[in-house]
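Colleague:
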Amino acid sequence: MSGTTLDDYTDRYAQRVHGMAQSEIRALFSVASRPEIVSLAGGNPYTAALPLGEVGEMFAEMLATDGAKALLYGPGQGDAQLREAICMVMADAGVDLSVGASPDDVVVTVGAQQALDLITRIFCDPGDVVIAEGPTYVGALGVFQAAQCEVVHVPVDDDGLIPEALEETLADLAKHGKRPKFLYTVPTYQNPTGVTLTEQRRERVLDICEEAGLLVVEDDPYGALGFEGQPPKALRARRRKGIFYVGTFSKTFAAGLRVGWVLAPPAVRDKLVLATEAAILCPSALTQTAVVRYLTTMAWREQVKTFRQLYGSRRDALLSALADYMPAGMRWTKPGGGLFVWAELPEGLDSKAMLPRALQQRVAYVPGTGFFADGSGRGQMRLNFSFPPADRIREGVRRLADVITEQSALSQTFGESHPSASDDVVPRP
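Sequential numbering of the sequence shown, starting at 21, is according to the working numbering.
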């Protein structure tokens, strides 16, 4: 029978498949993309701000002059010109030749997501421990869970990852005979909280990791998108040893091109290339050529400034609307860059249970549970400000505030959070 949801292959899957689950963000997309819904859920860059006519001409010229090469296979490590250009981009975050950043040690990946997957593949066996901020990037959690890792969270506050909590976590793991493989961190304009690890804490976290022999995977997709002065230098700009720096062009050029990278020591680089070749043979020569063209023929730094100004004004619109509309008991972060605000609900409310009611009121967000491996985060939510215009952001917050106020009243009356009649997190279209 067509359309059946039965799976005839359940008993044939590999063990690792049983831990796979669709992320709550992906589950939301089909509903949140409806035009009547104000989506504060996704993390899409606003690509309409690009000079699309000029980008189109760039692609046409690229195909006319370099098309024959761009449509072929390429090296598993990535295009040499692109790796040189990536070093130019990393230098803006302080990751330059003075700290050993070389094109030879860059591996081009299919977005930063593949970089995380490759690192996890070569370092983690099933059951290994990975330390991550709590909350953390949902895509990283998907990688770790697919690799059957045990994810241990270290909490963050308004100043980023808490060093004392990291020390306590390492001590507790050691007491139980567990040695974590690496710390995964998004230290600058973090996803989902928007917070930035302070200058003082950066040095302390690195000291703790160095003393413990703990590798660090630094994910830096948002570092160029600061609204208030220069962000702190990247972790990799401070230390050479034991830090893998992951970057992407998804937030500063185009997410659809799926071009990212990882900077790694030579021995690890070679293993990353082998893992790349086993998985995809080589990254797309076409999209790599496009990024090289963009970085060498267009005013990309001016475009990044445009994104900063645009996202900064939309961040201000979100923070202003939250202050104007949200009921007492709400708290939220005030990011200095990036794409997200992390909000905490009044006591007793459940963001996951409340989502169907919010969607009925034509506003979407991401429940906090999607950013914790252990299902925590029911009292939090992530709000995105990069994609909707300011007036839509304000209207979305107004709708969301009405939902929260109503839920608060129900909670006070009945002593618990009451979702809508459906138990589905995302209502059926």
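Just so it is clear, CB atoms sit at the ideal spot from N, CA and C, and this is done for glycine as well.
A quick note: this is a predicted structure, and the numbers were derived from the prediction, not measured.
Helix or strand or just coil, what does DSSP make of D444?
Modeller: At D444 the pLDDT is 41, less than 50, meaning the model places this residue with poor confidence; the figure from the coordinates comes in the next sentence. Coil at D444, not helix or strand.
Colleague: Looking at C-alpha atoms only, which residue of G243, L359, L365, G357 is the closest neighbour of A348?
Modeller: It is L365 whose Cα lies nearest to the Cα of A348.
Colleague: Could you check which residue in P183, V58, L306 has the C-alpha nearest to that of A80?
Modeller: When each option's Cα is compared against that of A80, the closest is L306.
Colleague: Between which two residues does the alpha helix (DSSP H) containing L235 stretch?
Modeller: Segment 235-239 is the beta strand (DSSP E) holding L235; no alpha helix (DSSP H) there.
Colleague: Please report the straight-line C-alpha distance between Q432 and I413, rounded to a whole angstrom.
Modeller: Answer to the nearest angstrom: the Cα atoms are 28 angstroms apart.
Colleague: When burial is assigned at 16 or more other CB atoms within 10 Å of the CB, is T316 buried or exposed?
Modeller: By the 10 Å Cβ count, T316 comes out exposed.
Colleague: First and last residue of the alpha helix (DSSP H) that includes E451?
Modeller: Residue 451 is absent from the model: the chain starts at 21 and stops at 449.
Colleague: Could you have a look at Q101 and say whether DSSP puts it in helix, strand or coil?
Modeller: Residue state, collapsed to three classes: helix.
Colleague: Could you work out which residue in Q427, V128, A111 is closest to V293 when comparing CA atoms only?
Modeller: Among Q427, V128, A111, the Cα nearest to that of V293 belongs to V128.
Colleague: Let me make sure I understand the geometry here. Which of L193, S270, H196, S428 has the alpha-carbon closest to that of G358?
Modeller: Here the closest residue by C-alpha is S270.
Colleague: Taking 8 angstroms as the cut-off, does the stretch 314-332 touch the stretch 97-109 (at least 3 CB pairs, one atom from each stretch)?
Modeller: A contact exists between the stretch 97-109 and the stretch 314-332.
Colleague: Look up R199 in the DSSP assignment and say whether it is helix, strand or coil.
Modeller: Three-state result, R199: coil.
Colleague: How about V237 and V279: do their beta carbons lie closer than 8 angstroms?
Modeller: Result no, Cβ atoms of V237 and V279 do not sit closer than 8 angstroms.
Colleague: Do you know offhand how far A90's Cα is from M401's?
Modeller: C-alpha separation (whole angstroms): 42 angstroms.
Colleague: Between which two residues does the beta strand (DSSP E) holding G267 run?
Modeller: From DSSP, the beta strand (DSSP E) with G267 extends over 263-268.
Colleague: Is the distance from the Cβ of M346 to the Cβ of V423 below 8 angstroms?
Modeller: No, the Cβ-Cβ distance between M346 and V423 is not below 8 angstroms.
Colleague: Along the chain, where does the alpha helix (DSSP H) containing E231 start, and where does it finish?
Modeller: E231 -> alpha helix (DSSP H) spans 219-232.
Colleague: Starting from A363, follow the beta strand (DSSP E) in both directions and report where the run begins and ends.
Modeller: Start and end: 360-364.
Colleague: Are V215 and G243 touching if we call contact CB-CB under 8 angstroms?
Modeller: No, the pair does not count as a contact, with Cβ atoms beyond the cut-off.
Colleague: Would you kindly report the start and end of the unbroken alpha helix (DSSP H) that includes Q323?
Modeller: Segment 320-345, the alpha helix (DSSP H) holding Q323.
Colleague: Which runs of the alpha helix (DSSP H) at least 4 residues long sit entirely within the stretch 376-436? Give them in chain order.
Modeller: Complete alpha helix (DSSP H) runs here, min 4: 410-434.
Colleague: Tell me whether Y204 sits in a helix, a strand or coil according to DSSP, three-state version.
Modeller: In the structure shown, Y204 sits in a strand (DSSP, three-state: E or B).
Colleague: Hey, out of K291, G87, R334, A299, whose CA is closest to G246's CA?
Modeller: When only C-alpha atoms are compared, the closest one is R334.
Colleague: Using the DSSP secondary-structure output, state which residues sit across from V127 in a beta bridge.
Modeller: V282, per the DSSP bridge assignment.
Colleague: Taking the continuous alpha helix (DSSP H) assigned at G159, which residues delimit it?
Modeller: Per DSSP, G159 belongs to the alpha helix (DSSP H) from 158-166.
Colleague: Taking the continuous alpha helix (DSSP H) assigned at A152, which residues delimit it?
Modeller: Run containing A152: none in the alpha helix (DSSP H); it sits in the beta strand (DSSP E), 149-154.
Colleague: What does the alpha-carbon distance come out to for the pair P123 and C302?
Modeller: Those two C-alpha atoms are separated by around 17 angstroms.
Colleague: If you count every other CB in all the chains shown that lies within 10 Å of the CB of Q97, and 16 or more means buried, which is it?
Modeller: That one is buried.
Colleague: Can you name the start and end residues of the alpha helix (DSSP H) that Q308 belongs to?
Modeller: 305-317 is the span of the alpha helix (DSSP H), which, as asked, contains Q308.
Colleague: In this structure, does DSSP put R259 in helix, strand or coil?
Modeller: Coil, per DSSP.
Colleague: Measure the alpha-carbon distance for F407 versus Q35 and round it to whole angstroms.
Modeller: Computed Cα separation, rounded: 38 angstroms.
Colleague: Quick check: the Cα distance between D239 and E230, rounded to an integer number of angstroms?
Modeller: Each residue's Cα considered, the two are about 18 angstroms apart.
Colleague: Report yes if the C-beta distance between V200 and L234 is below 8 angstroms; otherwise report no.
Modeller: A quick correction: the sequence has Pro, not Val, at residue 200. Their beta carbons are under 8 angstroms apart, which means P200 touches L234 by this criterion.
Colleague: Secondary structure at V288, three-state DSSP: helix, strand or coil?
Modeller: Three-state result, V288: helix.
Colleague: Just the Cα atoms here: how many angstroms apart are F202 and A337?
Modeller: So the two alpha carbons sit approximately 37 angstroms from each other.
Colleague: Give the range of the alpha helix (DSSP H) segment to which T85 is assigned.
Modeller: Looking at the DSSP string, the run of the alpha helix (DSSP H) that includes T85 is 72-90.
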